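Chains as they are written, first to last, in the working numbering: chain H, 937 to 1234; chain E, -16 to 315.
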Amino acid sequence: MVTTTVDDGSIEVTSSGRIKKFLIDFYRGHPLGAIGAGIVVVMLLAAIFADFITVYDPEQIDFESMLVPPNWAHPLGTDNYGRDILTRVIYGARTALTVGFVSAFVGSFIGLVLGVASAYFGGRFDLIFQRVMDVFLAFPLIILALAVVAVLGTGTENVIVAITIPFIPQCARVVRSSALAIREIPYVDAARACGFSDSRIILRHMVPNVMAPFLIMLTAFVGQAILLEASLSYLGLGVQEPVPAWGLMLQGGAEEYAESAPWIAIFPGLAITLGVFAFNLFGDALRDVLDPKLRSQQ
Amino acid sequence: MTALLQIQDLKTQFSTSSGTVKAVDGVTYDVEEGETVAVVGESGCGKSVTALSIMRLVAEPAGKIVGGKILFQDINLLDLDIEEMRNIRGKDIAMVFQEPMTSLNPVLTIGMQLMETLQQHLDVDETAAQARAVELLGLVGISDAERRLAQYPHNLSGGMRQRVMIAMALSCEPKLIIADEPTTALDVTIQAQILELMKDLTRRLGVALIIITHNLGVVARYANRVNVMYAGKIIERGNAREIYHNPKHPYTLGLLRSVPRLDQPRGERLVPIVGHPPDLTRLDGGCAFRPRCTFAVDRCAREIPPLVDVDGGHLSACWEHENVGLNVRKAS
């Protein structure tokens, strides 16, 4: 790590050194968050390289090895169609993370821009926009998602839409409250006095200043989205068979064989729990790191 | 030749829950090319709102320009649409704000903020903008400009940041700079440096400057002409020397007596202006300064005194201006 001291007292560190130092500090200060981040990374790798780390085809039905309990050939056993549970859990991570990340990113990004815009324009626009958001927030998350699925139909893309829509008002509301404070800081007026357009001021001058609450919302949303996707799939409104998805694996055969072959339900259930838990731990730690008020108390 | 900027009977109002605030109530003044004009007054007298009205940056919908004209190079700024106004902001008329600590965006580097303004208004590429940014920082006395461009506002002191703000204001070679209390947030030694810099640069580059301030010391030294504002109106106007040595309005006199002066005898007490500024939602048909005025007569309660020429280019809005003048002479 190269450290050079500049004459005004600030210290410039090479970027790779800074990242390494940040990671070490993050682990020391927030061991649970680091564990969460570790699980997230493992899940990500599993989802990306699912084709290489699994032996079986997740959709291949094999009637000769139905309901096999965990053994060396099938570490987590097989389900009532003879499909390998481990393979399906790993491919399920792909579905869960795709839905989780896409809906969390899209939902929170739209919410971010709308929230900042609402705070920037203020007045009547803000008032009307907030009431519309209130209407969306009045529905419980799962009910709203149900309504969207009922209109659009099932399938992975529609599940993503169904989960994204309720995220928008949640994010917009939190971001708006931060942006309202920023709206009053003179640099926004200074930017207007420089003749910049509204969209430029919103995207370039205000959005980067509300990144801290935005990132916290984002990580929380990924966990929530995974849980929502599992719930919708379990209810038969989400991802459809034979696509491997954790919520789907809990359904159908899992209930029927709960006593004779409990491994069918246990492992996807564990995967959901672990995934949501990991994102929440990581999100909490991220909040502590990004919130200067909390940081100074430590 | 007509003046660069002519403000004619400008009226800006804010509607609040407790009534309409006439923040600017019929203000008229003009600024010649290359001239430095000061607008003086206490907090809430409408001096900043006048400046924001020129830029059309009054916070809508609560605030509204309800009357008057703002002629800039003979074009009424109040008639322009948003797009045309945007082309004037930052290019022909630039603004320097009060708080250098918060007027720069903390997440963008100095270079990004300087170059952004350049690229917005002038047809320049990245390299040209960067070269110009370095040149501008040199102009405002910031050394090691190339390294500064990559730094963030928190790396700079308050005085340095105000220099950056001035560099940004100068970047597109504006005709007019409006400085809204440019030195209020800085400590005294830095204040002098910044004011010298602004005076020097505006003179050298031929830029007209409106300094908005409550500091009469600033006025005496740097302005050609002075407008004193009270309760949304200009109550006295004249050249800086006249205002300072021969005030014709009791409010100006009060302001001058309430600040310490080096040429004052030692141990002499300062004379404060008693009372508070008036509630702008409840102005009556008389002079707004009447309740605090030691010269007030019956007429002051009945008629608002107009701004009239009392002494060859020295304007005052006071029925008793002769009395005030006599009082000044007696005291000195």
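We put the beta carbon where it would ideally sit given N, CA and C, even for glycine.
For clarity, every value in this text was computed on a predicted model and none was experimentally measured.
A Cβ-Cβ separation of about 6 Å places I125/E in contact with R146/E under the 8 Å criterion.
Neighbours of I1152/H across chain E, judged by C-beta separation under 7 Å, do not exist; the nearest C-beta is about 17 Å away.
Contact between A1201/H and A1207/H fails: their C-beta atoms lie close to 11 Å from each other, not under 8 Å. D1125/H belongs to the set of residues whose beta carbon lies under 8 Å from a beta carbon in chain E.
Short of 6 Å from the beta carbon of D(-8)/E, and not among the five residues preceding or following it, lie these beta carbons of its own chain, in chain order: G9, T11, G51. Going by beta carbons, V1095/H and E1165/H fall inside the 8 Å limit. The three-state secondary structure of Y1123/H, taken from DSSP, is helix. Taking the CA atoms as reference points, F(-3)/E sits about 10 Å from T264/E.
The Cβ atoms of C155/E and T100/E lie closer than 8 Å to each other.
When rounded, the separation of the alpha-carbon atoms in V1085/H and S1167/H is 13 Å.
Counting only residues of its own chain and dropping the five nearest sequence neighbours on each side, S299/E has a CB closer than 6 Å to the CB of E219, K231, H232, V293. Cβ neighbours of V1143/H within its own chain (closer than 6 Å, five residues either side excluded): V1052.
Assignment of S1114/H by DSSP, reduced to helix, strand and coil, places it in the helix class. In this model, G142/E and P1122/H are separated by some 17 Å (Cα to Cα).
In the structure shown, L1163/H adopts helical secondary structure according to DSSP, grouped into three states. Interface annotation, Q103/E: in contact with chain H, CB-CB separation under 8 Å. Using a Cβ-Cβ cut-off of 7 Å, K74/E is close to G1131 of chain H, given in chain order. The region 1032 to 1044 of chain H makes no contact with the region 1074 to 1085 of chain H: fewer than 3 CB pairs, one atom from each, lie closer than 8 Å.
In this chain, the beta strand (DSSP E) harbouring A21/E covers 19 to 23.
Straight across, the Cα-Cα distance linking D987/H with I1021/H is about 15 Å. At least one CB atom of chain H sits nearer than 8 Å to the CB of T100/E.
DSSP, reduced to helix, strand and coil, places L184/E within a helical segment of the structure shown. For the region 54 to 69 of chain E, the set of positions with a beta-carbon nearer than 7 Å to some beta-carbon of chain H reads R69 in chain order. The CB of P1122/H comes closer than 8 Å to the CB of F80, Q81, E82, T85, S86 in chain E, given here in chain order.
Between F278/E and V257/E, the C-beta gap is not smaller than 8 Å, which leaves the two residues out of contact. Where F1075/H is concerned, there is no enclosing alpha helix (DSSP H), because DSSP gives it neither an H nor an E. In this structure, A1214/H lies near I975/H, with their beta-carbon atoms less than 8 Å apart. DSSP places V1225/H in the helix class (H, G or I) of the three-state scheme. Of the other Cβ atoms in all chains shown, fewer than 16 fall within 10 Å of the Cβ of P44/E; this residue is therefore exposed. Secondary structure of A1181/H (DSSP, three-state): coil. P136/E and R1024/H have their C-alpha atoms roughly 52 Å apart. Chain order gives no chain E residues near G953/H, where near means a beta carbon separation below 8 Å; the closest approach is about 18 Å. Contacts with chain E at 8 Å (Cβ-Cβ) do not include H966/H. Put simply, the CB of L40/E is near chain H, with a gap under 8 Å to one of its CB atoms. Against chain H, the CB of V90/E has a partner CB under 8 Å away; the residue lies at that interface.
Below 8 Å, enough C-beta pairs join the region 207 to 215 of chain E and the region 18 to 36 of chain E to call them touching: three or more.
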